[in-house]
Every structure is written in structure tokens, then in C-alpha cells.
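This report refers to the structure that appears directly beneath it.
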């Protein structure tokens, strides 16, 4: 079973073709990373997967549902299985951290105590215990990022999407976020039997969380089962994150283009 | 995981509505604008009284005060609320769009209309209706003070005021205020929500468009009420 299956995605911004016949398959339980030069459409692709943007052509299947054709209620249901960490780590400024997490349960028919319990558990997962009543403006960059991750995981999604999760973080906070992403990805699906949250969720085939990340962070890329390079609106498969030589990736980031005339990416083995 | 109930409004609707009333239009701002309206009405009526005195027609001040209540108060309230609450709501939503907060809401499964617009709309309608009533009280106090200060023929003033007054002014005035509130609460926010906003320049453009469109719609509403509907029993 595939968590995401994108077929022939085309997206224009004005006359500029940002995505050109993009095909993407992310099997359940895999960690896939997308890299590419700035403005090549990586964030756009994530927003299309969540239907925050609509493609001009092509279709996206998320857990085998065509997300472009879902009506409002089904779309909300489908989005409940996804968690996205946006690039700017948005949090509602007028609400405290617990209030931001509570947004996910505005329509839920669960008791307030069950919601509070879930919020406390989630904040503990991202190491933000005691931050319930802090306002977003009081948080540092790293804390804000972790709070944004908490917002994304509070509903315990099957699919995690990250848009540059370590951008502009100091090394300490970056390590925290990378470790958190790794832990989340490899965590077993929770038996969501907490009071008021009903029956346990239907587990995915592999019982793992699927992660799709847009990042240029080598530590994150090393976690990836598959690294894809988005260039000229198309995705190119580079290989497994651990196999790719850091030197090759750095050169790729610097030149923002795939080296011509090579059979494939340079691996760690070749580099040594 | 969580079953969606048939809850029509988000849990936080009433909290957001009260916040929307008090945050942008706090008590201090309300007092400042009250004083402004009071002074504006006082000046308008003073000049009118001076003109009427020149012809010995001060008893017509009652008719002036009714006109002030009927047309100027709802207009001043609508303009004030558009310039404060309406534009502040639209710029808040525009900034939320630029900073991906609206995307966050959508991913949380929230309907942005339910969550962002409905509480603000409710708040603005309550404010326009409430402030129109307060404005009427101020206009009446203005007239009373002027009639004392300028030695106006009080029985004549009350007689003409009574002759020109219709009860329909009250309920039509309240309907007009509610429609103004609908425009101020809905139009700027909706325009901003539907526009593509990525940066501060987009925010500025969106807010300018939203305020201009809303202002034009307010004027058209006044024209509609004054000319097309015509108050029953009154020749304009």
C-alpha cells in the first residue's frame, strides 16, 4: 500500500511551469526526502499533497484516496491522517500552545479532559512540558518548531510531512528536531484508546508512520530510505540517504543541478 | 481517531466572538469615539441652530435632530467600525494567510469561514447595532443641550421632533445597522481570505482592496435604504 501516489502532477504559477509531470510514490512506512534548488516547487508539491493547493493537472492518491476529488467532510477525514510541519512553523498568535493544539479537536466529540490529556502527552513527546499556557511569541525558534511539530502530531497521523524542519535552527535545536523526527518515524502506531478517543485507529500495513520531508539537512537526509532531487519540475531518484556521499550532496546543493554525464549519484563507498 | 460530530460551530465560537468584540474595539476606544461622535453632532446642530435662528425657525431643530439620528448616526458608526474593526480583521486574516496560519487551520480540519469569519461577523453586527443605539442617545443629548444653551423654543422643538419621528425609523435604523455590520464583518475578511497572499505587499494590496470595496458597498447600502426602499410615510 502506498501512502502517497502522485501521477503526472503539473502546476503553473502564472506562465511558469513549476511542476512538470511529477510522479511520486511513497510506500507506507518509508522515509522519503526531497531536495532541490530554491523555488523549484518542493513546498508546492507538499501543499498539493495536502490539497492546500490544487494541481493544474494530475492526481494525488493519499492512502489510495484521490484527495483532489474528496468533498469537505472526507477531505477533513483524510487530512486527519496527515500532519504537516510548515516551513514558517505557524502557530495562532492569539492562542497559547495548548490552544493551538486544541484547534485539532474543535469539532471532535470528545471530552475536554481527554483532549487535555492528549495535549499533555503530545507536549511531553516534543519535550515542551509546562509550555501549555505560553504564547507563541514567548517561544524561541527551536521551541516554536517543536510546538509546530506537536500541532502536527497531536492527532497521531499516519503520514508526516515536513517542509524544511531544521531551517534556521541552531545545532542543538536542530539535533533535537532530527532526533524527534527519527523517533516519530520509527514509533509504533499508538493504540489510541485513551478515554473518549474511541476505538484504536486502523493500523497501516506496516504499522509505521510514513514521512516525507523537504530538507537540505544532511542529518535528515541520512535518515531517508529514498532521496529525490527535484529539478526542472521533475523528480530524480538519487538513492538511499545513508548511501549518498555528503560531499556529493553538498556539491549538489551548491550547484543546484544534477551533474551531467554521470551514471548515478556518488555514494559513500565511492567517496572513500 | 476522533469522530466528527454534527457540531455546527467550532467549540471556541463564543469565546472568539467575545474576544472579537473587545479586542479591536476596546472600552477605551469606544469612549474616544463616543466623544468624537458627540462633538461632531454638537457642531452640526450648533451651526444648524444658528442658521435657523437667523430666520426665527429654531423650532425646526427637532426635524434636524431626527435627520441626524436617522442618517448620520448609522453612517458614522459604520464608517468608524469599517476603519477600525473591519480593516483590523482583514489585515489580521491577511497576515494569517501570509504566515501559513490559515493553512494550519485547514490542516486542523477547520472550516476557515466557520472559524475565522463567523465569530467576527457576529461581533461586528452586535457592535454596529449596539453603537447605533448609543449614537442615537448621544444625538438626543446633543439636541437637548443645544436647545438649552441657545434658548430654543422647547415646546416647538419637541413638537416638530414628534411630527417628524416615525417608529419605523427605529427598526429600519436597526436593520440598516445590522446590514452595515454584515458588510463590515463579511466583505473585507472574505476578500482577503479569497486572495492569494504570500508577502507583506500582498497583505497591503488585499487590505486596500477590501476596505475600498467595503466602503463602496456601504455607500450603496445607504443609497439603497434611502432612495430605493424609502422609509414608509416619508417623502425624501
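Residue numbers (the working numbering), protein chains in the order written: chain W, 1 to 272; chain U, 1 to 236.
Glycine is no exception: its CB is placed at the ideal position from the N, C-alpha and C atoms.
Distance between residue 200 of chain U and residue 98 of chain U (C-alpha atoms, nearest Å): Taking the second chain and counting its residues from 1, one reaches residue 98 of chain U at position 98. Taking the second chain and counting its residues from 1, one reaches residue 200 of chain U at position 200. Taking the straight line joining both Cα atoms gives about 7 Å.
Local conformation of residue 11 of chain W per DSSP, three classes: For the purposes of this step, residue 11 of chain W is taken as the residue at position 11 of the first chain. The answer is strand: DSSP assigns residue 11 of chain W an E or B state.
Inter-residue spacing [alpha-carbon to alpha-carbon] between residue 232 of chain W and residue 19 of chain W: The residue you call residue 232 of chain W lines up with position 232 of the first chain. The residue you call residue 19 of chain W lines up with position 19 of the first chain. Each residue's Cα considered, the two are about 8 Å apart.
Residue range of the unbroken alpha helix (DSSP H) whose run includes residue 151 of chain U: As a working note, residue 151 of chain U is residue 151 in the second chain. Counting along the chain, residue 151 of chain U falls outside any alpha helix (DSSP H), and DSSP gives it neither H nor E.
Enclosing beta strand (DSSP E) for residue 16 of chain W [first to last residue]: Indexing the first chain from 1 puts residue 16 of chain W at position 16. Its beta strand (DSSP E) spans residues 16-27.
Contacting positions in the segment 103-114 of chain W - beta carbon closer than 7 Å to chain U: 103, 104, 105, 106, 107, 108, 109, 110
Assigned exposure category for residue 257 of chain W - 16 Cβ within 10 Å defines buried: Here residue 257 of chain W refers to the residue found at position 257 when the first chain is read from its first residue. Exposed is the call here.
Residue 86 of chain W at chain U interface by Cβ criterion, 8 Å: Position 86 of the first chain holds residue 86 of chain W. True, the Cβ-Cβ gap to chain U drops below 8 Å.
Three-state secondary structure (DSSP) of residue 245 of chain W: As a working mapping, residue 245 of chain W is identified with position 245 in the first chain. Correct three-state label for residue 245 of chain W: coil.
Straight-line gap, residue 114 of chain W to residue 121 of chain W (C-alpha atoms, nearest Å): To locate residue 114 of chain W, count along the first chain from 1; it is residue 114. To locate residue 121 of chain W, count along the first chain from 1; it is residue 121. About 11 Å.
Contact list for residue 210 of chain W against chain U, beta-carbon separation under 8 Å: If you number the first chain from 1, residue 210 of chain W lands on position 210. Within chain U, no residue has its CB atom less than 8 Å from the CB of residue 210 of chain W, the nearest being about 16 Å off.
Cβ-based neighbour list, residue 240 of chain W, same chain, cut-off 8 Å, excluding 5 preceding and 5 following: Locating residue 240 of chain W in the first chain gives position 240, counting from the first residue. The answer, listed in chain order, is 224, 225, 226, 227.
Rounded C-alpha distance that separates residue 202 of chain W from residue 119 of chain U: Stepping through the first chain from its first residue, residue 202 of chain W is reached at position 202. Stepping through the second chain from its first residue, residue 119 of chain U is reached at position 119. Interpretation of residue 202 of chain W is limited by its pLDDT of 40, a score under 50 that renders its predicted location unreliable; the figure taken from the coordinates is listed afterwards. Looking at the two C-alpha atoms, the distance is approximately 35 Å.
The ligand NAP heavy atom lying under 7 Å from the CB of residue 140 of chain U: Among the components of this structure there are no ligands whatsoever, and the ligand NAP is therefore not found.
Proximal chain U residues relative to residue 79 of chain W, where beta-carbon distance stays under 9 Å: Locating residue 79 of chain W in the first chain gives position 79, where the first residue counts as 1. The answer, in chain order, is 106, 107, 108, 109.
Chain-ordered neighbours of residue 100 of chain U on chain W, where CB pairs are closer than 7 Å: Your numbering for residue 100 of chain U matches position 100 in the second chain. Those within 7 Å of residue 100 of chain U in chain W are 86, 88, 90.
Delimiting residues of the beta strand (DSSP E) encompassing residue 82 of chain W: On the first chain, position 82 is the one that residue 82 of chain W refers to. First-last of the beta strand (DSSP E) with residue 82 of chain W: 82-85.
Continuous beta strand (DSSP E) assignments of at least 3 residues falling wholly in the segment 96-147 of chain W: none
Contact under 8 Å by Cβ, residue 244 of chain U with residue 173 of chain U: No answer is possible for residue 244 of chain U: it lies beyond the span of chain U, which begins at 1 and ends at 236.
Own chain partners of residue 57 of chain W with C-beta closer than 6 Å, once the 5 adjacent residues on each side are dropped: Within the first chain, residue 57 of chain W is the residue found at index 57, counting from 1. Once the five neighbours on either side are set aside, the close Cβ partners of residue 57 of chain W are 10.
Alpha-carbon spacing of residue 84 of chain W relative to residue 93 of chain W, whole angstroms: Along the first chain, one-based indexing puts residue 84 of chain W at 84. Along the first chain, one-based indexing puts residue 93 of chain W at 93. Distance between the alpha carbons of residue 84 of chain W and residue 93 of chain W: 18 Å.
Chain W contact for residue 11 of chain U (CB, 8 Å cutoff): What you label residue 11 of chain U is simply residue 11 of the second chain in a count that begins at 1. Interface residue, yes.
CA-to-CA distance, residue 123 of chain U to residue 291 of chain W, given in whole angstroms: No statement about residue 291 of chain W is possible, as the shown extent of chain W runs from 1 to 272 and does not include it.
Reduced DSSP secondary structure (H/G/I, E/B, other) of residue 216 of chain W: By 1-based counting over the first chain, the position of residue 216 of chain W is 216. Residue 216 of chain W: coil per DSSP, three-state reduction.
Alpha-carbon to alpha-carbon, residue 78 of chain U and residue 6 of chain W: As a working mapping, residue 6 of chain W is identified with position 6 in the first chain. As a working mapping, residue 78 of chain U is identified with position 78 in the second chain. The straight-line gap from Cα to Cα measures roughly 49 Å.
Coil, strand or helix - residue 104 of chain U by DSSP: On the second chain, position 104 is the one that residue 104 of chain U refers to. Residue 104 of chain U: helix per DSSP, three-state reduction.
Distance between residue 136 of chain W and residue 9 of chain U (C-alpha atoms, nearest Å): Residue numbering aside, residue 9 of chain U sits at position 9 when the second chain is read from its first letter. Residue numbering aside, residue 136 of chain W sits at position 136 when the first chain is read from its first letter. Rounded to the nearest angstrom, the two C-alpha atoms are 25 Å apart.
C-alpha gap between residue 113 of chain U and residue 252 of chain W, whole angstroms: Here residue 113 of chain U corresponds to residue number 113 of the second chain, with the count starting at 1. Here residue 252 of chain W corresponds to residue number 252 of the first chain, with the count starting at 1. Roughly 43 Å separates the two Cα atoms.
The segment 154-173 of chain W / the segment 131-146 of chain W touching (three or more Cβ pairs under 8 Å): A contact is defined here as three or more CB-CB pairs under 8 Å, and the segment 154-173 of chain W meets this definition with respect to the segment 131-146 of chain W.
Close Cβ partners of residue 76 of chain U (< 8 Å) along its chain, the five nearest in sequence each way excluded: Sequence index remark: in the second chain, residue 76 of chain U carries index 76 (1-based). Within the same chain, residue 76 of chain U has close Cβ partners 37, 40, 135.
With 16 other Cβ atoms within 10 Å as the buried cut-off, status of residue 92 of chain U: Position 92 of the second chain, counted from the first residue, corresponds to residue 92 of chain U. Counting Cβ neighbours within 10 Å, residue 92 of chain U comes out buried, since at least 16 surround it.
DSSP three-state assignment for residue 77 of chain W, whether helix, strand or coil: Here residue 77 of chain W refers to the residue found at position 77 of the first chain. Looking at residue 77 of chain W - three-state DSSP - the assignment turns out to be helix.
Opening and closing residue of the alpha helix (DSSP H) in which residue 31 of chain W lies: Looking up residue 31 of chain W in the first chain gives position 31. Premise fails: residue 31 of chain W lies in the beta strand (DSSP E), 31-35, not in any alpha helix (DSSP H).
Cα-Cα separation, residue 215 of chain U to residue 82 of chain U: Sequence index remark: in the second chain, residue 215 of chain U carries index 215 (1-based). Sequence index remark: in the second chain, residue 82 of chain U carries index 82 (1-based). Going by the C-alpha atoms only, they are around 8 Å apart.
Identified DSSP bridge partners for residue 271 of chain U: Residue 271 of chain U falls outside the range modelled here, since chain U spans only 1 to 236, and no answer is possible.
Minimum Cβ-Cβ distance from residue 52 of chain W to chain U less than 8 Å: Walking along the first chain from the start, residue 52 of chain W turns up at place 52. Output row for residue 52 of chain W: interface = yes.
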